[in-house]
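In the numbering used here, the protein residues as written are -16 to 130.
All C-beta atoms in this analysis are idealised placements derived from N, C-alpha and C, irrespective of residue type, glycine included.
The structure presented is a predicted model; accordingly, all values stated were derived computationally and were not measured.
This report concerns only the one structure given below.
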């Protein structure tokens, strides 16, 4: 538990650098569930921007009128992966004009995605950054330009 808290504190410090120049390779993949697709990278590579190695792809699905949010994680070929080695909770930050609101997404009972409720946004566009542990490896994904 102390290790997880330490990792989260370190990841939080990375957020100030997260929006300098992209977050991993640019993607042109079509979504599988109607959401936004982004690269999932090592949290240690956030400062590398577009040069960061993509480990997975993530899809964030949200309804602009509803606060429910889902995150799916795929391999680099957009194939569903087994999330059993991933943590049961995913930490997320909604960023709107520099203001951050944190929330948590929990792994669904099916184990195929994470879900939860995001804070209500006042303006568009806004961004959502996610952080999750896969074993002892901290991962980061940034979904920008959401409406």
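Using 10 angstroms around the beta-carbon of residue 114, count the other beta-carbons present and answer buried if the total reaches 16, otherwise exposed.
-> The count along the chain shown starts at 1 and reaches residue 114 at position 131. It counts as buried.
Check residue 128 in the structure and name its three-state DSSP category.
-> In the chain shown, residue 128 corresponds to position 145, counting from 1. Correct three-state label for residue 128: strand.
Could you please give the first and the last residue of the uninterrupted beta strand (DSSP E) stretch that includes residue 72?
-> For this step, residue 72 is matched to residue 89 along the chain shown. Where residue 72 is concerned, the enclosing beta strand (DSSP E) stretches over 72 to 79.
Return the Cβ separation of residue 99 and residue 116 in integer angstroms, given the expectation that the two are a contact with Cβ distance under 8 Å.
-> Taking the chain shown and counting its residues from 1, one reaches residue 99 at position 116. Taking the chain shown and counting its residues from 1, one reaches residue 116 at position 133. So it is not a contact: roughly 16 Å between Cβ atoms.
Can you give me the start and stop residues for the beta strand (DSSP E) that residue 36 sits inside?
-> Counting from 1 along the chain shown, the entry for residue 36 is found at position 53. Following the DSSP letters along the chain, one finds residue 36 in no beta strand (DSSP E), marked with neither H nor E.
CB contact below 7 Å: residue 88 versus chain C = Any reference to chain C falls outside this structure, which holds one protein chain only.
Where does residue 112 fall in DSSP's three states?
-> What you label residue 112 is simply residue 129 of the chain shown in a count that begins at 1. If DSSP states are grouped into helix, strand and coil, residue 112 belongs with the strands.
Taking all protein chains shown into account, decide if residue 58 is buried (16 or more other Cβ within 10 angstroms of its Cβ) or exposed.
-> As a first step, residue 58 is located in the chain shown; it is residue number 75 there, counting from the start. Exposed, since its Cβ has fewer than 16 Cβ neighbours within 10 Å.
Might you give, ordered along the chain, the residues of its own chain that have their beta carbon closer than 8 Å to the beta carbon of residue 64, omitting 5 neighbours on each side?
-> By 1-based counting over the chain shown, the position of residue 64 is 81. Cβ neighbours of residue 64 beyond the five flanking positions: 39, 56, 57, 58.
Are residue 10 and residue 20 close, meaning C-beta to C-beta below 7 Å?
-> What you label residue 10 is simply residue 27 of the chain shown in a count that begins at 1. What you label residue 20 is simply residue 37 of the chain shown in a count that begins at 1. Yes, they are a contact pair.
Is residue 90 buried or exposed, if buried means 16 or more other CB atoms sit within 10 Å of its CB?
-> Numbered from its first residue, the chain shown carries residue 90 at position 107. Burial state of residue 90 is buried, judged by a 10 Å Cβ sphere holding 16 or more other Cβ atoms.
Cβ-Cβ distance between residue 150 and residue 101 below 7 Å = Because residue 150 is not part of the residues shown, which for the chain are -16 to 130, the question remains open.
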